[in-house]
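Engineer: Chains as they are written, first to last, in UniProt numbering: chain A, 1 to 402; chain B, 1 to 193.
Quick reminder that beta carbons are idealized off the backbone N, C-alpha and C, glycines included.
These numbers were taken from a predicted model, which means no experiment stands behind them.
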Amino acid sequence: MTMQLKIGFLPLVDACLPILAHEHGFAEEEGLDLTFVRDVSWATVLDRLLYGHSDAAHMLAPLAIATTLGRGRPAQKLAAPFVLGLNGNAVTVSNDLAKAIGADGTLGDPAEIGERLKDVAAKASASGRKLRFGVVHRYSSHNYMLRYWLSACGIRPDEDLEIVTIAPPFSADAIAAGEVDGSCVGEPWNSIAVEQGAGQIVLATAQIWRRGVEKVLALREDRLEENKTAIAALIRAMCKAGAHFVDPEQWDCNAEILSRPEYCDAPIELVRRAISDRLVLRAGDPPQEYRDFMFQYREIANFPWVSQAEWLYSQLVRWDGLEYSAQDAEAAARVFRPDIYRAALQATDEPLPSASSKVEGSVSSPLTASAQRGSITMENNTFFDHEPFDPDHLQDYIATQK
Amino acid sequence: MRIAIIDESAPRASIIEEGLTSLEDCEIFTLTSRNGLLAKIAEIAPDIVFMDLGNPSRDVLEEYFAVSRALDHPIAMFVDESDDDSIAASIDAGVSTYVVDGLAAKRIQPLLKMTMRRFQAFARLEAELAEAKDKLVERETVDRAKRILMDRKGVSEPAAYRELRQKAMSSNRRIADIAEAIVTAHEMMGDGQ
Numbered sequence: 001m002t003m004q005l006k007i008g009f010l011p012l013v014d015a016c017l018p019i020l021a022h023e024h025g026f027a028e029e030e031g032l033d034l035t036f037v038r039d040v041s042w043a044t045v046l047d048r049l050l051y052g053h054s055d056a057a058h059m060l061a062p063l064a065i066a067t068t069l070g071r072g073r074p075a076q077k078l079a080a081p082f083v084l085g086l087n088g089n090a091v092t093v094s095n096d097l098a099k100a101i102g103a104d105g106t107l108g109d110p111a112e113i114g115e116r117l118k119d120v121a122a123k124a125s126a127s128g129r130k131l132r133f134g135v136v137h138r139y140s141s142h143n144y145m146l147r148y149w150l151s152a153c154g155i156r157p158d159e160d161l162e163i164v165t166i167a168p169p170f171s172a173d174a175i176a177a178g179e180v181d182g183s184c185v186g187e188p189w190n191s192i193a194v195e196q197g198a199g200q201i202v203l204a205t206a207q208i209w210r211r212g213v214e215k216v217l218a219l220r221e222d223r224l225e226e227n228k229t230a231i232a233a234l235i236r237a238m239c240k241a242g243a244h245f246v247d248p249e250q251w252d253c254n255a256e257i258l259s260r261p262e263y264c265d266a267p268i269e270l271v272r273r274a275i276s277d278r279l280v281l282r283a284g285d286p287p288q289e290y291r292d293f294m295f296q297y298r299e300i301a302n303f304p305w306v307s308q309a310e311w312l313y314s315q316l317v318r319w320d321g322l323e324y325s326a327q328d329a330e331a332a333a334r335v336f337r338p339d340i341y342r343a344a345l346q347a348t349d350e351p352l353p354s355a356s357s358k359v360e361g362s363v364s365s366p367l368t369a370s371a372q373r374g375s376i377t378m379e380n381n382t383f384f385d386h387e388p389f390d391p392d393h394l395q396d397y398i399a400t401q402k
Numbered sequence: 001m002r003i004a005i006i007d008e009s010a011p012r013a014s015i016i017e018e019g020l021t022s023l024e025d026c027e028i029f030t031l032t033s034r035n036g037l038l039a040k041i042a043e044i045a046p047d048i049v050f051m052d053l054g055n056p057s058r059d060v061l062e063e064y065f066a067v068s069r070a071l072d073h074p075i076a077m078f079v080d081e082s083d084d085d086s087i088a089a090s091i092d093a094g095v096s097t098y099v100v101d102g103l104a105a106k107r108i109q110p111l112l113k114m115t116m117r118r119f120q121a122f123a124r125l126e127a128e129l130a131e132a133k134d135k136l137v138e139r140e141t142v143d144r145a146k147r148i149l150m151d152r153k154g155v156s157e158p159a160a161y162r163e164l165r166q167k168a169m170s171s172n173r174r175i176a177d178i179a180e181a182i183v184t185a186h187e188m189m190g191d192g193q
């Protein structure tokens, strides 16, 4: 019997796994008939999910948690049984700012860039026009990663510079028009800004947190319970799509599919840059490889680690100015559903870890993780400031970050 | 009551505006450009904002409301935080609604219904226009296919059309599809114009 699922998404390269699962027939093999609803704002993707226009959605991980906790709208429980990928975002700044912080056409050291940015931000602030950065959403990893980086470099977001929301399709224009001095956005929108000569890519978010959680597949919790069989099938299909996605032989064909008007609607070459971890940082320069730019599939990248949800909660508390609450922390942690991931892949060859939570940012050389099945080697998972996050000490972590 | 309509499609915005002006006691402000959206909203200080679901500035507006609320202004997003049915209905119609400053639900319902009807009316208009455009393109293709048959086979126009129709009937396809195939083949064989 064919099961039907409608999936909401925004035109971004990291919506790739459900799309490729459909286009390469992996979904069909699992008895699934996928259809897609494309939108241009996260508010709309979320509305469609909450009010039943879609069964599941490509969603900012922090937004799934914020929705569950009732931030910005009435609380509705969401569930995320699958991480659609790690990182894949970058910081692009205007040519003027790139010059001011001494960007040399490479992905520099985040701490060094931050130090120079601190001086420029202080001068701008003193002259009465604070620097302004754009992020895609208040509840986005873009916002959290950017703020994490800035504050670890001694720049106080909202005080020393401003952070505003800009929809991804407008980020290049906003930089070109001087509305913002920089933005943190997913691909292909950084590359589009570079191609237009609006700005330069100076940092990949993977440099801030090497294995930072990005989008998730989100569902309403009650719909997940009703559709468990179909979601398990979707998880298996997306895993197959993930293995296909990281195969260099398939880069051209996957870039072609994702660039189509019904998906990202962007030039193939620009989509291919993100897929192959090879970005052009300045217009006219040759592409440069940053191996972990957009991390997929390897090292069970799609496993929804509860500790990732807890880190996101720590940042939500930090930047929304909330008090830590054990009840909220638990509700946030429960959004990530490793149980559903495990059940879906139980009868396959996909490796499964024995734990569902880990200390984030503590791996700096290859480490073999204990596995329920298969073998899992973690290569590199650090924050740029070398501060690990131990979910057992969530409250302390939040306290030290104030 | 102050109403802001945010819609990048000027014709649609004017259709909504027209519907709402018939209601009493409404001051309407229409914004069709995304530039300086927040500043304009702040200046208008609307009681209610209608915007189309496909507007990429929705996230920007929600952020603005969230921050304003954090600054202790009484802002209710959507019709009423518990009124799921109204929200779902407005999403079905393609309109998202933001109620600012906690306007009474009873005053909003007629506005919301009117706006939804107007959105749907516009969607119908658009569908009809798209269909009419398709028909026009199809007719051009059929004309070109007829011309190709007339040139290649030396037949009259009615005969060329008969051939097209017969092929369509025997292969259970539309005349426009057969015409399209002929035009494409003609171009690919290198003897197109």
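Here's the rule I'm using: 16 or more other beta-carbon atoms within 10 Å means buried, otherwise exposed. How should L367 of chain A be labelled?
Structural biologist: Start at 1 with the first residue of the first sequence, and residue 367 of chain A comes out as number 367. Counting Cβ neighbours within 10 Å, L367 of chain A comes out exposed, since fewer than 16 surround it.
Engineer: Can you check DSSP and say which residues form a bridge with T377 of chain A?
Structural biologist: Here residue 377 of chain A refers to the residue found at position 377 when the first sequence is read from its first residue. A:T368, per the DSSP bridge assignment.
Engineer: In terms of residues, what are the limits of the alpha helix (DSSP H) holding A122 of chain A?
Structural biologist: Along the first sequence, one-based indexing puts residue 122 of chain A at 122. For A122 of chain A, the uninterrupted alpha helix (DSSP H) segment begins and ends at P110 to A126.
Engineer: I need the DSSP call for Q288 of chain A, collapsed to helix, strand or coil.
Structural biologist: By 1-based counting over the first sequence, the position of residue 288 of chain A is 288. Here Q288 of chain A sits in strand by DSSP.
Engineer: Tell me, to the nearest whole angstrom, how far the beta carbon of G186 of chain A is from that of L12 of chain A; I am working on the premise that it is less than 8 angstroms.
Structural biologist: The sequence position of residue 186 of chain A within the first sequence is 186, counting from 1. The sequence position of residue 12 of chain A within the first sequence is 12, counting from 1. Right, their Cβ atoms sit about 5 angstroms apart.
Engineer: Based on Cα-Cα distance, which residue from A:R298, A:A176, A:W311 and A:T92 lies nearest to A204 of chain A?
Structural biologist: Here residue 204 of chain A is taken as the residue at index 204 of the first sequence, counted from 1. Among A:R298, A:A176, A:W311 and A:T92, the Cα nearest to that of A204 of chain A belongs to A:T92.
Engineer: Is the CB of I91 of chain B under 7 angstroms away from at least one CB in chain A?
Structural biologist: Residue 91 of chain B sits at position 91 when you count from the first residue of the second sequence. Chain A, which has a Cβ nearer than 7 angstroms to the Cβ of I91 of chain B, makes this yes.
Engineer: Note down the Cα distance separating E310 of chain A from E24 of chain B, rounded to an integer number of angstroms.
Structural biologist: Taking the first residue of the first sequence as position 1, residue 310 of chain A is located at position 310. Taking the first residue of the second sequence as position 1, residue 24 of chain B is located at position 24. Whole-angstrom Cα-Cα distance: 51 angstroms.
Engineer: Give every residue of the same chain whose Cβ lies closer than 7 angstroms to the Cβ of I268 of chain A, excluding the five residues on either side of it in the sequence, and list them in chain order.
Structural biologist: Residue numbering aside, residue 268 of chain A sits at position 268 when the first sequence is read from its first letter. Once the five neighbours on either side are set aside, the close Cβ partners of I268 of chain A are A255, E256 and S259.
Engineer: For G114 of chain A, I'd like the list of residues in its chain whose CB is within less than 8 angstroms of its CB, leaving aside the five on either flank, ordered along the chain.
Structural biologist: One-based indexing of the first sequence puts residue 114 of chain A at position 114. Once the five neighbours on either side are set aside, the close Cβ partners of G114 of chain A are W149, L150, A152, C153, G154 and I155.
Engineer: So residue 204 of chain B contacts chain A; which residues on that side make the cut at Cβ distance below 7 angstroms?
Structural biologist: This structure does not reach residue 204 of chain B, given that chain B is present from 1 up to 193, and the question cannot be answered.
Engineer: Please list the partners that T165 of chain A has in chain B, where partner means a Cβ-to-Cβ separation under 7 angstroms.
Structural biologist: Position 165 of the first sequence holds residue 165 of chain A. Near T165 of chain A (Cβ distances below 7 angstroms), the residues of chain B are D59, V60 and E63.
Engineer: Label G192 of chain B either buried or exposed according to how many other C-beta atoms from any shown protein chain fall within 10 Å of its C-beta, with 16 as the threshold for buried.
Structural biologist: In the second sequence, counting from the first residue as 1, residue 192 of chain B sits at position 192. Residue placement at G192 of chain B cannot be trusted, given a pLDDT of 47 that sits under 50; the coordinates are not used to answer.
Engineer: Which stretch, first to last residue, makes up the beta strand (DSSP E) that contains Y98 of chain B?
Structural biologist: As a position in the second sequence, residue 98 of chain B is number 98, starting the count at 1. Per DSSP, Y98 of chain B belongs to the beta strand (DSSP E) from V95 to V99.
Engineer: To the nearest angstrom, report how far apart D119 of chain A and L20 of chain B are at their CA atoms.
Structural biologist: For the purposes of this step, residue 119 of chain A is taken as residue 119 along the first sequence, with counting starting at 1. For the purposes of this step, residue 20 of chain B is taken as residue 20 along the second sequence, with counting starting at 1. Those two C-alpha atoms are separated by around 52 angstroms.
Engineer: Are the CB atoms of Q395 of chain A and Y144 of chain A within a distance shorter than 7 angstroms?
Structural biologist: Your numbering for residue 144 of chain A matches position 144 in the first sequence. Your numbering for residue 395 of chain A matches position 395 in the first sequence. Contact: no.
Engineer: Per DSSP, V164 of chain A is paired with what?
Structural biologist: Residue numbering aside, residue 164 of chain A sits at position 164 when the first sequence is read from its first letter. BP columns for V164 of chain A point to A:G134.
Engineer: Within the 7 angstroms Cβ cut-off, does A43 of chain A reach chain B?
Structural biologist: Taking the first sequence and counting its residues from 1, the one referred to as residue 43 of chain A is at position 43. Output row for A43 of chain A: interface = yes.
Engineer: Hey, does A127 of chain B have any beta-carbon neighbour from chain A nearer than 7 angstroms?
Structural biologist: Along the second sequence, read from residue 1 onward, the residue named residue 127 of chain B stands at position 127. Chain A, which has no Cβ nearer than 7 angstroms to the Cβ of A127 of chain B, makes this no.
Engineer: Residues of chain B with CB closer than 8 angstroms to the CB of G182 of chain A, please, in chain order.
Structural biologist: The sequence position of residue 182 of chain A within the first sequence is 182, counting from 1. None at all; the shortest Cβ gap to chain B is about 17 angstroms.
Engineer: In whole angstroms, what separates the C-alpha of I175 of chain A from that of E159 of chain A?
Structural biologist: Translated into positions along the first sequence, residue 175 of chain A becomes position 175. Translated into positions along the first sequence, residue 159 of chain A becomes position 159. I175 of chain A and E159 of chain A: Cα-Cα distance of roughly 21 angstroms.
Engineer: Beta carbon of A74 of chain A, beta carbon of S140 of chain A: below 7 angstroms?
Structural biologist: Here residue 74 of chain A refers to the residue found at position 74 when the first sequence is read from its first residue. Here residue 140 of chain A refers to the residue found at position 140 when the first sequence is read from its first residue. Going by the sequence as given, residue 74 of chain A is Pro instead of Ala. For P74 of chain A and S140 of chain A, no; Cβs fall outside 7 angstroms.
Engineer: To be precise: take each residue of the stretch 8 to 36 of chain A, compare its Cβ to all Cβ atoms of chain B, and keep it if any distance is under 8 angstroms. Which residues remain?
Structural biologist: Taking 8 angstroms as the Cβ-Cβ cut-off against chain B, none of the residues of the stretch 8 to 36 of chain A qualify.
Engineer: Using the beta-carbon count (16 or more within 10 Å), is G199 of chain A buried or exposed?
Structural biologist: For the purposes of this step, residue 199 of chain A is taken as the residue at position 199 of the first sequence. Classification of G199 of chain A: buried, given that the 10 Å Cβ count is 16 or more.
Engineer: For a contact meaning CB atoms closer than 8 angstroms, what does F170 of chain A contact in chain B?
Structural biologist: As a working note, residue 170 of chain A is residue 170 in the first sequence. Going along chain B in sequence order, the residues near F170 of chain A (Cβ under 8 angstroms) are R34 and P56.
Engineer: Any idea what DSSP makes of I155 of chain A, helix, strand or coil?
Structural biologist: The residue labelled residue 155 of chain A in the question sits at position 155 within the first sequence. Coil, per DSSP.
Engineer: Of the choices A:A301, A:L117 and A:P261, whose alpha-carbon is the least far from that of P353 of chain A?
Structural biologist: As a working mapping, residue 353 of chain A is identified with position 353 in the first sequence. Comparing Cα positions, the closest option is A:A301.
Engineer: On the premise that L50 of chain A lies in contact with R223 of chain A, defined as a C-beta separation below 8 angstroms, what is that separation, rounded to the nearest angstrom?
Structural biologist: Looking up residue 223 of chain A in the first sequence gives position 223. Looking up residue 50 of chain A in the first sequence gives position 50. In fact, because the Cβ distance is near 10 angstroms, the residues do not count as touching under 8 angstroms.
Engineer: Could you list which residues in chain B have their beta carbon closer than 8 angstroms to that of H137 of chain A, in chain order?
Structural biologist: As a first step, residue 137 of chain A must be located in the first sequence, where it is residue number 137. Going along chain B in sequence order, the residues near H137 of chain A (Cβ under 8 angstroms) are D59 and E63.
Engineer: Taking 7 angstroms as the cut-off, decide whether the C-beta atoms of D181 of chain A and G85 of chain A are in contact.
Structural biologist: Your numbering for residue 181 of chain A matches position 181 in the first sequence. Your numbering for residue 85 of chain A matches position 85 in the first sequence. No, the Cβ-Cβ distance between D181 of chain A and G85 of chain A is not below 7 angstroms.
Engineer: For A176 of chain B, name the three-state secondary structure that DSSP assigns.
Structural biologist: As a first step, residue 176 of chain B must be located in the second sequence, where it is residue number 176. It is helical.
Engineer: Jot down the residue ranges of each uninterrupted beta strand (DSSP E) in the stretch 67 to 100 of chain A, minimum 3 residues, whole runs only, in chain order.
Structural biologist: 78 to 83 and 89 to 94
Engineer: Specify the secondary structure class of P388 of chain A as computed by DSSP and reduced to three states.
Structural biologist: Indexing the first sequence from 1 puts residue 388 of chain A at position 388. Residue state, collapsed to three classes: coil.
Engineer: According to DSSP, is Y144 of chain A helix, strand or coil?
Structural biologist: Within the first sequence, residue 144 of chain A is the residue found at index 144, counting from 1. Y144 of chain A: helix per DSSP, three-state reduction.
Engineer: Taking all protein chains shown into account, decide if H393 of chain A is buried (16 or more other Cβ within 10 angstroms of its Cβ) or exposed.
Structural biologist: What you label residue 393 of chain A is simply residue 393 of the first sequence in a count that begins at 1. Exposed: under 16 other Cβ atoms inside 10 Å.
Engineer: For F295 of chain A, which residues does DSSP report across the bridge?
Structural biologist: Within the first sequence, numbered from 1, the residue matching residue 295 of chain A stands at position 295. Answer by DSSP bridge pairing, in chain order: A:L86.
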